[in-house]
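First the structure, in the form of structure tokens, and then the observations on it.
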Amino acid sequence: MKKLLTIALLLVAFSIQAQDNTNDSPKIGTITGTVLDVTLDQPLPYVNVIVKDTNNKLITGGITNNDGQFEVKQIPEGTNIVTIEYLGFLPQNKTIVISNDNKIIDLGTINLEEAATNLDEVTIVAETSTIQQKVDRKVITIGKDLQTAGATASEIMNNLPSVSVDQQTGSISLRGNQNVRVMVDGKLSNIPAEQLLKQIPSSSIKSIELITNPSAKYNPEGMSGLINIVLHKNTKIGFNGNINIGLSHDIEAKFNSSIDANYRNGKFNVYGSYNNSVTKNFNFGEINRIEQDIQQKFEILNNNKSHLFKVGVDYYLDEKNTISVFTNQNLFDGWVNVNSGINYLANPSLNESQFTRNDNDNDSEQYNFNYKHDINDEGHSIELEVDHDTYNGFGYTKNTFFSSQRPNFIEDTDTDRQSTTINLDYSNPLSETAKLEVGLQARLFNTNIFYQSDARETNQLGQYIPTTTTFDYTRDIYSAYATYGKTLDKWSYQLGLRAETVNVDSEAYKKDLASNEQTNIPFENDYFRLYPSGFLTYTPSEKNAYQFNYSRRVDRPGINQVNPLPEWNTPLISQFGNQALRPQFTNSFETNYTRQLEKGSITAGVFYRIIEDEIQQAILIDRTDTNRLIFTDLNFDNSTAYGIELSSNYRPTKWWSLNASFDLFSQTQKSLAESFDTNQNIVLNTVKIDNVVWNVRAFNNFKVTKDLSFSAFGMYSGKNKNIQFEMNDMLMVNLGMRYSFLQNKASFSLSYNDIFDTMYAQFEGDRPYAQVGRFNWESQQISGRLAYRFGGGNYKAKARKQRDDDTKSGGGFM
């Protein structure tokens, strides 16, 4: 079936290409030039360079780089019109004639003059979102249409191809896998992803990059890849800023707001921001064990408050040297109330209930230093970055039991975490068509968790005794990478290799406070690995591009997966980490085809993965209480996964735009699950699950007037299997609107999600017991958001490298 899917995809791609009836004239010409702001005498990046024929038909185009330079190839022979335009500036038109004697035309320096309007705008946001396939990533530019989909980054993620957000837990997955890393502006955060996504207003997002097969330049963690959220940046002289306020409600209210501002003169850029999120979330559900006549019900109420502060300074020593420092400070406090009840339908006298109250406070701090030296103006540079993060968390849990023989108990958890990352990167454009990048990195990570309970275990007399456990985990990673890329006419390639040495040292200290006896459980795991990567792009025309890439990646166990302390408990279920868990490794192959249409684009892709030492959850029966289940993670044999993806953005009319995607994933999962045989003996079974799941989603935007637009989003997700359950299919339909006013400085958005109340998780399973269940969350939310831009000033561009964002377009003009 995998071969059939690949062949079918390629046949479709070639058949579409065969219909291409663009200009038949030989495409032999190239134009170059540099675009400057005439007032400031500074280069302008991201300026559109559009080439049309004498009938005003679009032929090709490009954009300027950070130095204001552009190069557009494959221009047909004959007379053509070149338009250089940038929002807020007066456009310029130039006529060129391409011939065999005049193939390469240098337009020289093109000076753009600011228009009389729009000088006070801080950020420019397109009306509609676009999807662009680059050499190693898919870039979704967030337009005003997607901003109506929700007030935060978490709410708009489900609108993106191949991305899903669990509406109950907030966890994010890419291509059906939660082994994904989330970055903001190319940097990882020590704030939990589900917490971070709820703090970022959707209007602050410029684009979202889906890096499903990262190159050797990136850290190799994450089987399904990376998601990079790129925020808008103020780049104007003077004082500028944005204010956002969002409010959502279903059963409980949710509030978020943000303010960011910056002041810039010739040498300094000082900026700061504040984001907050104050939310209550209510979830409820039940699990029924059919054969045992046991019904377990849950009601969960979360109340979370988080505050994120960022302050930074960029100091431009001169044209070749820049120093930047910033700090993030995140304050979080919250509580969760869990009411769970167990009804023994055959014997109600055994009924019991539990109330759990958990209070959690944590503070995280990030300090970042960056120094960049431009050796010349051609992208030849060296850059040093040092990042230090700290995390301090305190959790207090009180478990109260009713109608039960179980004693009440209290749990205290203290977490101290520190990480330091040092990067040294060197970039050298060897020629106009070749580029070399090398780098060194050190990542030092330590976590210390202290856990104390006043009643967790019994001694030989059956008495409950207090215990303490300390878990100390250290992981140091030292790595070096090199990538080399080259363009050969219609072909381009990039090869890379990353070498890593990893030292893991952990130890659990368990102490009986009654006897003062301590048990130590050490674990070490040191290893050296190579991570190669390769990318190949073929662009036969401006409208067609083919890509193939390969990378090797690793999924290192998360701290909760190796922490032997209990992650959570109910009367019937407990979850623990596995201190001896080893990393899993993935060889990932991917091919994509991109077709530029007259009114949009379409991208199709196929991927295949080979997973070594796969990490999966095991389901065990508690020997001290056979009604209880214990969840933990184990390593298993190799497995495979494959999938196909289709995504497109299309504009049928001037007032209607459409983003749609389809994805299908298949993965074989292996695990261990205990069950009872006919004699009620516990037996250990190796479980193999072949899971195929598909999703389809479509986002429509309807522009009624210049200032008013409406949106409609629909998503359908097919059945999904895991080791314990088979999840039923799910459907969601959302509506939204957006209105701009005050000369486009302000906007108001309103959205209504899950209008048919069909978004819930319903499941069934037979491992280790026959079970059916359902969970609901606040999916039917009404959300409103108000945004306002303030300040003014003149634009001044500065060529700055953003780490891990040095990419080239994979083909075609969009």
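Position one of the sequence shown corresponds to residue 40 (our numbering), numbered consecutively onward.
Beta carbons: idealized from backbone N, C-alpha and C, even for Gly.
Just so it is clear, the structure is predicted and the values come from calculations on it, not from any experiment.
**Item:** Coil, strand or helix - residue 657 by DSSP
**Value:** The answer is strand: DSSP assigns residue 657 an E or B state.
**Asked** Whole beta strand (DSSP E) runs in the stretch 749–782 with 3 or more residues, listed along the chain?
**Response** With a minimum length of 3 residues, the continuous beta strand (DSSP E) runs that stay inside the stretch 749–782 are 769–780.
**Item:** Segment contact flag, the stretch 378–386 with the stretch 348–361, C-beta cutoff 8 Å, min 3 pairs
**Value:** Touching, no, given that fewer than three Cβ pairs across the two stretches are closer than 8 Å.
**Request:** Tell me whether residue 202 sits in a helix, a strand or coil according to DSSP, three-state version.
**Result:** In the structure shown, the three-state DSSP call for residue 202 is strand.
**Spatial distance of residue 459 from residue 619 (CA atoms)** = When rounded, the distance between both Cα atoms is 24 Å.
**Prompt:** How close, in whole Å, do the beta carbons of residue 630 and residue 587 come, if the pair is a contact with beta carbons under 8 Å?
**Reply:** With a Cβ gap of about 5 Å, residue 630 and residue 587 count as contacting.
**For residue 526 and residue 107, the rounded distance between their alpha carbons** = Roughly 21 Å between the two C-alpha positions.
**Item:** Endpoints, the alpha helix (DSSP H) within which residue 598 is located
**Value:** For residue 598, the enclosing alpha helix (DSSP H) has its first and last residue at 598–601.
**Item:** Counterpart residues of residue 694 in DSSP-defined beta bridges
**Value:** Beta-bridge pairing links residue 694 to no other residue.
**CB contact check: residue 700 to chain C, cutoff 8 Å** = Absence of chain C from the displayed structure is noted, only one protein chain being present.
**Asked** Rounded to a whole number of angstroms, what is the C-alpha to C-alpha distance between residue 315 and residue 825?
**Response** Each residue's alpha carbon lies about 15 Å from the other.
**C-alpha gap between residue 338 and residue 615, whole angstroms** = The alpha-carbon separation between residue 338 and residue 615 amounts to approximately 22 Å.
**Message:** With H, G and I counted as helix, E and B as strand and the rest as coil, what does DSSP make of residue 242?
**Reply:** It is helical.
**Request:** Within its chain, find whatever has a CB closer than 6 Å to the CB of residue 566; leave out the 5 residues flanking it on each side and keep chain order.
**Result:** The answer, listed in chain order, is 541.
**Message:** I'd like to know whether the C-beta atoms of residue 133 and residue 146 end up nearer to each other than 8 Å.
**Reply:** Cβ distance < 8 Å, so residue 133 and residue 146 count as in contact.
**Cβ contact check for the stretch 400–410 and the stretch 437–452: 3 or more pairs under 8 Å** = Too few Cβ pairs lie closer than 8 Å, so no.
**Item:** Simplified DSSP state of residue 115, which is helix, strand or coil
**Value:** Residue 115: strand per DSSP, three-state reduction.
**Prompt:** Counting Cβ pairs, one atom from each stretch, are 3 or more of them under 8 Å apart for the stretch 478–497 and the stretch 507–521?
**Reply:** At 8 Å Cβ cutoff, the stretches touch.
**Request:** Could you please give me the residues that DSSP links to residue 477 through a beta bridge?
**Result:** The partner list for residue 477 (beta bridge, DSSP) reads 465 and 521.
**Prompt:** Rounded to a whole number of angstroms, what is the C-alpha to C-alpha distance between residue 652 and residue 709?
**Reply:** Looking at the two C-alpha atoms, the distance is approximately 11 Å.
**Request:** Name the residue from 137, 634, 648 and 604 whose alpha carbon lies nearest to the alpha carbon of residue 669.
**Result:** For residue 669, the closest C-alpha among the options 137, 634, 648 and 604 is that of 604.
**Residue from 564, 576 and 488 with nearest C-alpha to residue 528** = Closest in C-alpha terms to residue 528, from the list 564, 576 and 488, comes 576.
**Request:** Compute the beta-carbon to beta-carbon distance between residue 591 and residue 624, rounded to the nearest angstrom, for a pair I have assumed lies under 8 Å.
**Result:** Going by Cβ atoms, the distance from residue 591 to residue 624 rounds to 7 Å, so yes, they are a contact pair.
**Request:** Find out if the Cβ-Cβ distance for the pair residue 572, residue 200 is shorter than 8 Å.
**Result:** It is not a contact, given that the beta carbons lie outside the stated cut-off.
**Asked** Nearest-angstrom Cα distance between residue 57 and residue 248?
**Response** Interpretation of residue 57 is limited by its pLDDT of 38, a score under 50 that renders its predicted location unreliable; no figure is taken from the coordinates.
**Prompt:** Which residue's Cα is closest to the Cα of residue 563: 301, 756 and 513?
**Reply:** Looking at the Cα atoms, 513 is the closest of the given residues.
**Request:** Mind checking which residues open and close the beta strand (DSSP E) that includes residue 292?
**Result:** Run containing residue 292: 292–303, per the beta strand (DSSP E) assignment.
**Prompt:** Does the beta-carbon of residue 471 have 16 or more other beta-carbons within 10 angstroms, so that it is buried, or is it exposed?
**Reply:** With fewer than 16 Cβ atoms within 10 Å of its Cβ, residue 471 is classed as exposed.
**Asked** What are the boundary residues of the beta strand (DSSP E) that includes residue 355?
**Response** Per DSSP, residue 355 belongs to the beta strand (DSSP E) from 333–357.
**Item:** Local conformation of residue 196 per DSSP, three classes
**Value:** The answer is helix: DSSP assigns residue 196 an H, G or I state.
**Asked** Is residue 574 near residue 533, with beta carbons less than 8 Å apart?
**Response** Here residue 574 is near residue 533, since their CB atoms are less than 8 Å apart.
**Prompt:** Is the Cβ-Cβ distance between residue 654 and residue 594 less than 8 Å?
**Reply:** Cβ atoms of residue 654 and residue 594: closer than 8 Å.
**Request:** Between the Cα of residue 246 and those of 253, 255, 264 and 225, spot the shortest distance and give me the residue it belongs to.
**Result:** It is 225 whose Cα lies nearest to the Cα of residue 246.
**Among 303, 259, 293 and 271, the one whose alpha carbon lies nearest that of residue 278** = Considering only 303, 259, 293 and 271, the residue with the shortest C-alpha distance to residue 278 is 303.
**Item:** Test item: CB-CB of residue 705 and residue 680 under 8 Å
**Value:** In contact: residue 705 and residue 680 (Cβ atoms closer than 8 Å).
**Request:** Determine the DSSP secondary structure at residue 232, reduced to helix, strand or coil.
**Result:** In this structure, residue 232 counts as helix in the three-state DSSP scheme.
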